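As structure tokens, the structure follows; a few thoughts come after it.
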């Protein structure tokens, strides 16, 4: 069964560094999302992406964040200058025509 | 503010028990997801509903659009069902993204 994949599974970085989280959505899906889950809290929507542009973004998704689909398969989330409070699990998801969301396994980001 | 509420927050059951987890939401939705999150963190979609009832194995999900309420039932619960169960909704007036409840932590004791 097709699945969403994410790399790396765990990323440790120092405060102020840039990180890029990578996702490979399911190949025929058209909508892509990033969510995050701070430890012990609920999953929060960050951004959705369709037709090579952002379609919705939350208040969390400020100028430090950006997304890109650099080729036909990858979907990336970049955090320009990480802060301690960016430490979280980041989930990528994609949907096809039925709009059911398929989630990746997540990337645990630890900012020290 | 649009809200998704789940109850109970925590649930402990004996193996074999019938389990119900509830989700209520504040305004109209176009779809509702029930998701399972295991201790390792990964999220698995169990059901997506917009009306009625769905069944998969020992899992049953129902939704009442008028009452803005959904339930997830687990029949003949098993220790491997221990996980966090999350309700997520897509509001009528937003895009295709989902908004999540805080989850129900289920522990099934042998």
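Residue numbers (our numbering), protein chains in the order written: chain U, 64 to 175; chain A, 2 to 111.
Where a beta carbon is used, it is the ideal one built from N, C-alpha and C, also for glycine.
Predicted model, so just to flag it, every value in this text is computed and none were measured.
Please classify residue i: does DSSP put it in a helix, a strand, or coil?
| i | result |
| --- | --- |
| residue 81/A | helix |
| residue 18/A | coil |
| residue 116/U | strand |
| residue 147/U | helix |
| residue 166/U | strand |
| residue 123/U | coil |
| residue 171/U | strand |
| residue 31/A | strand |
| residue 2/A | coil |
| residue 80/U | coil |
| residue 39/A | coil |
| residue 64/U | coil |
| residue 132/U | coil |
| residue 11/A | strand |
Suppose contacts are defined by Cβ-Cβ distances below 8 angstroms. Is residue i in contact with residue j by that definition?
| i | j | result |
| --- | --- | --- |
| residue 128/U | residue 140/U | yes |
| residue 36/A | residue 46/A | yes |
| residue 157/U | residue 101/U | no |
| residue 43/A | residue 169/U | yes |
| residue 69/A | residue 25/A | yes |
| residue 23/A | residue 83/A | no |
| residue 18/U | residue 159/U | This structure cannot settle anything about residue 18/U, because the visible part of chain U is limited to 64 through 175. |
| residue 172/U | residue 82/U | yes |
| residue 96/A | residue 131/U | no |
| residue 34/A | residue 89/A | yes |
| residue 69/U | residue 167/U | yes |
| residue 145/U | residue 79/U | yes |
| residue 87/U | residue 98/U | no |
Count the other C-beta atoms from every protein chain shown that fall within 10 angstroms of the C-beta of residue i, then say buried if there are 16 or more, exposed otherwise.
| i | result |
| --- | --- |
| residue 91/A | buried |
| residue 124/U | buried |
| residue 175/U | exposed |
| residue 111/U | buried |
| residue 117/U | exposed |
| residue 78/A | buried |
| residue 81/A | exposed |
| residue 110/A | exposed |
| residue 28/A | exposed |
| residue 149/U | buried |
| residue 147/U | exposed |
| residue 108/A | exposed |
| residue 76/A | exposed |
| residue 104/A | buried |
For a test of your reading of the model: does the CB of residue i fall under 7 angstroms from any non-hydrogen atom of the ligand COA? Yes or no.
| i | result |
| --- | --- |
| residue 144/U | With respect to the ligand COA, the structure offers nothing, as it holds no ligand at all. |
Problem - beta strand (DSSP E) runs contained entirely in the segment 44–107 of chain A, provided each spans 3 or more residues - result: 44–50, 53–57, 60–65, 70–75, 84–92
Problem - Three-pair Cβ contact test at 8 angstroms for the segment 130–146 of chain U versus the segment 10–22 of chain A - result: no
Practice task
Please go through the segment 88–117 of chain U and give each complete beta strand (DSSP E) segment of 3 or more residues, from N-terminal end onward.
Solution key: 94–100, 106–113
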